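Under my numbering, the letters of the sequence shown match residues 1 to 239, in that order. The beta-carbon is built from N, C-alpha and C at its ideal position, and this holds for glycine as well. It should be emphasised that the depicted structure is a prediction, and the values quoted were computed from it without experimental measurement. All remarks here apply to the structure that follows.
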Amino acid sequence: MAAAQKMNQLYEGKAKRVFATADPGLCIVDYKDDATAFNGLKKGQIAGKGVINNRVTNHLMRLMERNGIPTHFVEELSERETLVKKVDIVPLEVIVRNIAAGSLSTRLGLPEGEKLRSTVLEFSYKNDELGDPMVNDYHIAAMNLATKEEVAIICDYAMRVNEILGGYLKTAGVELIDFKLEFGKTPDGTIILADEISPDTCRFWDSKTGEKLDKDRFRRDLGGVEDAYREILRRLLGE
Ligand code: TMP
1 MAAAQKMNQL YEGKAKRVFA TADPGLCIVD YKDDATAFNG LKKGQIAGKG
51 VINNRVTNHL MRLMERNGIP THFVEELSER ETLVKKVDIV PLEVIVRNIA
101 AGSLSTRLGL PEGEKLRSTV LEFSYKNDEL GDPMVNDYHI AAMNLATKEE
151 VAIICDYAMR VNEILGGYLK TAGVELIDFK LEFGKTPDGT IILADEISPD
201 TCRFWDSKTG EKLDKDRFRR DLGGVEDAYR EILRRLLGE
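Listed below in structure tokens is the structure:
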């Protein structure tokens, strides 16, 4: 296959840009170093983040593919650019939690680090103006955000991603606290895993020390942000 070329920009998000290619079924994602938190209220840059998130995401998407989860991944094109299948993003953020942290701890008064008795799955409606409000199956049906069948597939994939990713990270000395996934629909209606799986979208804690190796270092001004991202790259890809 000839190397795909970027054409017009289709979309610019907070951490990535998406470009059309000559093939209407494919697009190119370009990862930025920009970092935001609290729905864009806090803005900054994490040097080298785009390169790391591109590499880490592609590594983990390949892991998912090998384990039977269909994804949008096609080919890594460069340090920051990846060819992916063009999808309509289902407007839901799918959050999976193993250990209490972040907004769950705040909302329910559970201490950060407390193991949950069972895995928690949450949905947020992807809408920046509304601050991505949490929704349940009833809201999803009432607003026609996804069909019942699509929600069932998404839940099944999200739980399987949790098993595969959690097991894999353990071997790298990383505890998977929680993470956010997004899914897309191909033109024939197939649901596939899309977006990214990276220190921006997951909470990764060192298994031994509990040290945070993810975007919470930026959100909470903990320092050592770049080092944490580099440490994840090193542990997962040996780079
Ligand atoms: P939360 O505890 O802030 O709700 O975050 C749960 C997980 O989702 C955490 O791993 C970070 C990730 N996340 C995103 O990827 N994007 C977001 O906009 C938010 C709020 C969280």
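Tell me which same chain residues have a C-beta within less than 7 Å of the C-beta of residue i, skipping the five on either side of it?
| i | result |
| --- | --- |
| Asp88 | Gly184 and Lys185 |
| Leu233 | Ile52, Arg55, Val56 and Glu239 |
| Gln45 | Asp33, Asp34 and Ala35 |
Under 8 Å, do residue i and residue j count as touching if we go by C-beta distance?
| i | j | result |
| --- | --- | --- |
| Thr201 | Phe179 | yes |
| Tyr157 | Leu193 | yes |
| Leu237 | Ile164 | no |
| Leu10 | Ala20 | yes |
| Thr71 | Glu65 | yes |
| Phe204 | Asp195 | no |
| Leu116 | Asn98 | yes |
| Leu92 | Ser124 | yes |
| Ala100 | Glu81 | no |
Applying the 10 Å Cβ sphere with the 16-neighbour rule, what's the burial state of residue i?
| i | result |
| --- | --- |
| Tyr31 | buried |
| Pro24 | exposed |
| Asn144 | exposed |
| Asp216 | buried |
Taking the straight line between their C-alpha atoms, what separation do you get for residue i and residue j?
| i | j | result |
| --- | --- | --- |
| Ile69 | Leu110 | 32 Å |
| His59 | Cys155 | 22 Å |
| Arg107 | Ala22 | 46 Å |
| Lys43 | Gly13 | 13 Å |
| Ala142 | Leu26 | 31 Å |
| Leu29 | Ile191 | Here residue 29 turns out to be Val, not Leu, going by the sequence shown. Approximately 19 Å, taken between the alpha carbons. |
| Lys208 | Gly166 | 15 Å |
| Ser105 | Val96 | 14 Å |
| Asn39 | Thr171 | 33 Å |
Quick one: any contact between the stretch 182-193 and the stretch 129-142, if contact means 3 or more CB pairs under 8 Å?
-> With the cut-off at 8 Å, the stretch 182-193 and the stretch 129-142 do not touch.
Is the stretch 43-60 touching the stretch 213-232, taking contact as three or more C-beta pairs under 8 Å?
-> Enough Cβ pairs lie closer than 8 Å, so yes.
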